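Residue numbers for the sequence shown follow the numbering used here, beginning at 33 and rising by one. Beta carbons: idealized from backbone N, C-alpha and C, even for Gly. Fair warning: this is a prediction, and the values are worked out from it, not measured in the lab.
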Amino acid sequence: MADDQTVTLVAVEVSAEFQKILADYPLPATVQDADMNQEELASALNQSVNTIAKWIRQEGMPVAQAGGNGKSYVLRLSHCWAWLKARDADRDLRSQHNKQQAAALQAEMLGLDVSDPNAHMTPKARREMAEADLVWNKAQRERRTLVQLDEVHDLLESVLTMVRDGIEAMPDLLERELNLKPDQVAAAVAVGHDILTSLTEKIEAAELQERTVADLPDRQLWMN
């Protein structure tokens with residue numbers, strides 16, 4: 033049959049919903065529409081006849097004319113092509129959505145921000161990154177360019193305790209060394225108290241006490 037001849041196709045009613053699918057997923061420009069049986073459609077779509085039969089029976093692939101009782105199915109090529117492409121697109125969309133939600137849930141459980149690139153890493157990639165981070169941290173500690181937070185905490189606790197003890201002892205020391213009068217001693221006590229209060233407020237303003245890791249020495253440690 034010559035290419036310029038027109039093949040008559042069986043009349044098929046098409047819903048408005050499926051018309052949109054046909055518009056979204058047309059046949060390639062070089063392919064003309066055709067009414068096929070299951071074997072022909074299987075060959076066209078590079079599928080088995082059993083797969084075509086399964087799609088018809090179980091997944092709702094459209095048929096131009098139903099078969100049975102010795103009568104072959106009539107399958108419109110453009111309809112089956114559009115249906116298959118729409119189904120694949122829907123599956124891809126659902127798969128992408130599910131991956132995003134799985135990543136979001138993992139990020140939530142790990143305390144990560146969803147916008148953080150690490151939140152969308154696979155468990156394997158996240159594990160590899162964590163292992164690499166451990167190796168890097170070990171090397172940095174050995175070079176003394178990275179110290180344990182506990183060490184910093186202990187050092188600051190010691191320093192702040194020394195500051196507190198020194199400021200609190202200062203009025204008595206000044207009284208003995210400089211023969212201060214009672215009102216002068218009281219003034220020195222007030223100055224020391226103001227210094228400790230300012231330090232406390234500075235730490236609290238930085239919200240260091242809300243860290244999820246070990247906090248710096250708290251207010252009671254060096255204010256009492």
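Asked                                                                               : Found
Near the ligand NAD: R208 beta-carbon under 8 Å from a heavy atom                   : This structure simply doesn't include the ligand NAD, nor any ligand for that matter.
C-beta contact flag for S104 and N69 at 9 Å                                         : yes
Within 9 Å, strictly: CB atoms of D56 and K117                                      : yes
Exposure label - P94; buried when at least 16 CB within 10 Å                        : buried
Alpha-carbon spacing of N130 relative to E91, whole angstroms                       : 21 Å
Proximity to L206 [Cα-Cα], best of T193, M194, A220, D197                           : A220
For V44, the three-state DSSP class (helix, strand or coil)                         : coil
Minimum C-alpha distance to V44 - residue among D67, P58, L59, K52                  : D67
Distance, R126 Cα to I53 Cα                                                         : 18 Å
Reduced DSSP category for N97 - H, G, I as helix; E, B as strand; rest coil         : In the sequence on display, residue 97 carries Gln and not Asn. Note: Q97 maps to strand in three-state DSSP.
D65 (DSSP reduced to helix, strand or coil)                                         : coil
Exposure of P203, with buried meaning 16 or more beta-carbon neighbours within 10 Å : buried
Burial state of V191, where buried means 16 or more other Cβ atoms lie within 10 Å  : exposed
Segment limits, alpha helix (DSSP H) that includes V106                             : First-last for V106: undefined, no H or E at that position.
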